[in-house]
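*Asks:* Quick note on this note's numbering: the sequence shown kicks off at 2 and runs consecutively.
Where is the CB? At the ideal position from N, CA and C, for every residue including glycine.
Keep in mind it's a predicted model, so treat the numbers as computed, not measured.
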Amino acid sequence: MIQGGKKRALGRGLNALLADNASPEMLTQATPVPISKIRPNRFQPRSRFDDAELDALTASIRQEGVLMPVLLRPHDGDFELIAGERRWRAAQAAGLLELPAVIRDVGDQQALELAIIENEQRDDLTAIESARAYSRLMQEFGLTQQQVAERIGTSRVQVSNLTRLLQLPEFVQQMIESRQLDMGHARPLVGLPADRAQDLARQCADKGWSARQMEKKAKQISLPDERKKPAPDADILALQEDLSRAIGLPVVIHVQAKGSGELSVRYARPEELDGVIARLRRPL
Numbered sequence: 002m003i004q005g006g007k008k009r010a011l012g013r014g015l016n017a018l019l020a021d022n023a024s025p026e027m028l029t030q031a032t033p034v035p036i037s038k039i040r041p042n043r044f045q046p047r048s049r050f051d052d053a054e055l056d057a058l059t060a061s062i063r064q065e066g067v068l069m070p071v072l073l074r075p076h077d078g079d080f081e082l083i084a085g086e087r088r089w090r091a092a093q094a095a096g097l098l099e100l101p102a103v104i105r106d107v108g109d110q111q112a113l114e115l116a117i118i119e120n121e122q123r124d125d126l127t128a129i130e131s132a133r134a135y136s137r138l139m140q141e142f143g144l145t146q147q148q149v150a151e152r153i154g155t156s157r158v159q160v161s162n163l164t165r166l167l168q169l170p171e172f173v174q175q176m177i178e179s180r181q182l183d184m185g186h187a188r189p190l191v192g193l194p195a196d197r198a199q200d201l202a203r204q205c206a207d208k209g210w211s212a213r214q215m216e217k218k219a220k221q222i223s224l225p226d227e228r229k230k231p232a233p234d235a236d237i238l239a240l241q242e243d244l245s246r247a248i249g250l251p252v253v254i255h256v257q258a259k260g261s262g263e264l265s266v267r268y269a270r271p272e273e274l275d276g277v278i279a280r281l282r283r284p285l
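1) Select from L182, Q221 and V191 the residue whose C-alpha is nearest the C-alpha of S211.
2) At which residues does the beta strand (DSSP E) containing F80 begin and terminate?
3) Using DSSP's beta-bridge definition, name the partner residues of H186.
4) Compute the Euclidean distance between the alpha carbons of P260 and V253, then round it to the nearest angstrom.
5) Would L167 and M184 be called neighbours here (beta carbons separated by less than 8 Å)?
6) If distances are taken between C-alpha atoms only, which option among A53, K217 and K38 comes closest to F80?
7) Checking 8 Å against the spacing of the C-beta atoms, do E99 and P33 come in under that value?
8) Which residues does DSSP pair with E151 in a beta bridge?
9) With distances taken Cα to Cα, identify the nearest neighbour of S131 among Q110, S48, F172 and E141.
10) How far does the alpha helix (DSSP H) with I118 in it reach, from first residue to last?
11) Between the Cα of H76 and the Cα atoms of F50, A91, A102 and V107, which residue gives the shortest distance?
12) What three-state label does DSSP hand R133 in the structure shown?
13) What does DSSP give as the partner residue(s) for I254 in the beta ladder?
14) According to DSSP, is A269 helix, strand or coil?
15) Report the CB separation of Q204 from P170 in whole angstroms; it is logged as a contact under 8 Å.
16) Whole-angstrom Cβ separation of V71 and L82, contact assumed at under 8 Å?
17) Please classify L72: does DSSP put it in a helix, a strand, or coil?
18) Within a Cβ cutoff of 7 Å, which residues of the same chain sit near A95, ignoring the five residues on either side of it in sequence?
19) Just grab the DSSP bridge partners of A102 for me.
20) I need the straight-line Cα distance from H255 to E263, nearest angstrom please.
21) Could you check what DSSP says for R40 in three-state terms: helix, strand or coil?
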């Protein structure tokens with residue numbers, strides 16, 4: 002997901018801690034930490050861990066040990082993982098009692114940013130996992146799409162495209178999470194009726210459509226309705242963009258002929274709705 006040419010806003014030395022190989026400087030900073038004192042990352046964007054990959058890493062650790070320190074931060078008398086959850090899980094399976102770790106005192110926002118960056122560097126996140134993580138940065142920490150892009154090292158367009166996937170029906174989102182669909186296949190489904198989006202998603206997975214074929218099929222469904230609708234008002238589109246940026250979730254304004262209308266906000270998790278309510282309750 003990350004564009005290689007972008008420079009991530011990580012603080013001095015943190016970029017090296019997410020590299021694939023440990024530098025001599027990092028190894029001198031590492032200290033053994035009891036595994037019993039390490040807790041999983043509350044901000045881990047990754048929801049699935051491949052069993053075969055964990056088994057292979059466990060076998061490697063049994064033979065060679067843990068070659069790359071994990072990244073931790075102090076938390077409630079113990080330590081919370083920031084990066085290296087696969088190594089932590091595999092080390093437990095291998096029966097290790099300690100892990101080499103580099104400890105940094107970072108806040109919640111940076112812990113989430115680092116977890117996203119580590120996973121995206123290794124292409125471990127699905128498009129939905131990235132979308133939820135970006136949305137969380139906007140919802141819980143008040144970042145705009147542009148700020149998320151700058152912090153993670155991607156483009157604002159990529160952040161926008163990914164977070165729009167959260168408008169898809171839950172069934173389609175699950176297909177993306179299980180990697181039956183990728184972002185290119187899923188994007189044309191945004192905005193379609195839920196039943197049609199689900200039907201096209203199933204057909205795409207069953208028949209092996211290309212992203213171009215999916216786009217063509219989606220247009221065949223949406224085009225008749227588009228012809229019946231007037232062109233969207235530029236001011237309304239701009240207002241939608243402003244509102245979406247302000248609350249960190251997709252906003253759609255439906256304007257009817259006599260000036261009345263509806264404003265809808267799409268959220269994927271109850272926590273996102275709680276964030277919107279909290280913002281609305283703030284004093285002006």
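*Replies:* The structure says:
1) Taking the sequence shown and counting its residues from 1, one reaches residue 211 at position 210. Nearest of L182, Q221 and V191 to S211, Cα basis: L182.
2) For the purposes of this step, residue 80 is identified with residue 79 of the sequence shown, where counting begins at 1. Run containing F80: D79 to A84, per the beta strand (DSSP E) assignment.
3) In the sequence shown, residue 186 corresponds to position 185, counting from 1. DSSP, once it has assigned bridges, lists no residue as partnering H186.
4) Residue numbering aside, residue 260 sits at position 259 when the sequence shown is read from its first letter. Residue numbering aside, residue 253 sits at position 252 when the sequence shown is read from its first letter. The residue you asked about is not Pro; residue 260 is Gly in the sequence shown. Near 15 Å, if we compare the C-alpha coordinates of V253 and G260.
5) As a position in the sequence shown, residue 167 is number 166, starting the count at 1. As a position in the sequence shown, residue 184 is number 183, starting the count at 1. In this structure, M184 does not lie closer than 8 Å to L167 by Cβ.
6) As a working note, residue 80 is residue 79 in the sequence shown. It is K38 whose Cα lies nearest to the Cα of F80.
7) Taking the first residue of the sequence shown as 1, we reach residue 99 at position 98. Taking the first residue of the sequence shown as 1, we reach residue 33 at position 32. Yes. Within cutoff.
8) One-based indexing of the sequence shown puts residue 151 at position 150. E151 has no beta-bridge partner at all, per DSSP.
9) For the purposes of this step, residue 131 is taken as residue 130 along the sequence shown, with counting starting at 1. Nearest of Q110, S48, F172 and E141 to S131, Cα basis: S48.
10) For this step, residue 118 is matched to residue 117 along the sequence shown. Going by DSSP, I118 is part of the alpha helix (DSSP H) stretching over D109 to Q122.
11) What you label residue 76 is simply residue 75 of the sequence shown in a count that begins at 1. Residue V107 is the option with its Cα nearest to H76.
12) Mapped onto the sequence shown, residue 133 falls at position 132. In the structure shown, R133 sits in a helix (DSSP, three-state: H, G or I).
13) On the sequence shown, residue 254 is found 253 positions in, with the first residue counted as 1. Note: I254 sits in a beta bridge opposite L264.
14) For the purposes of this step, residue 269 is taken as the residue at position 268 of the sequence shown. If DSSP states are grouped into helix, strand and coil, A269 belongs with coil.
15) For the purposes of this step, residue 204 is taken as the residue at position 203 of the sequence shown. For the purposes of this step, residue 170 is taken as the residue at position 169 of the sequence shown. In fact, because the Cβ distance is near 15 Å, the residues do not count as touching under 8 Å.
16) Here residue 71 refers to the residue found at position 70 when the sequence shown is read from its first residue. Here residue 82 refers to the residue found at position 81 when the sequence shown is read from its first residue. Between L82 and V71 the Cβ distance is about 6 Å, and since that is below 8 Å, they are a contact.
17) Counted from its first residue, the sequence shown places residue 72 at position 71. Note: L72 maps to strand in three-state DSSP.
18) Sequence index remark: in the sequence shown, residue 95 carries index 94 (1-based). Hits under 7 Å: T59, I62 and R63.
19) The sequence position of residue 102 within the sequence shown is 101, counting from 1. Note: A102 sits in a beta bridge opposite T32 and V71.
20) On the sequence shown, residue 255 is found 254 positions in, with the first residue counted as 1. On the sequence shown, residue 263 is found 262 positions in, with the first residue counted as 1. Approximately 5 Å between the Cα atoms of the pair.
21) In the sequence shown, residue 40 corresponds to position 39, counting from 1. Residue state, collapsed to three classes: strand.
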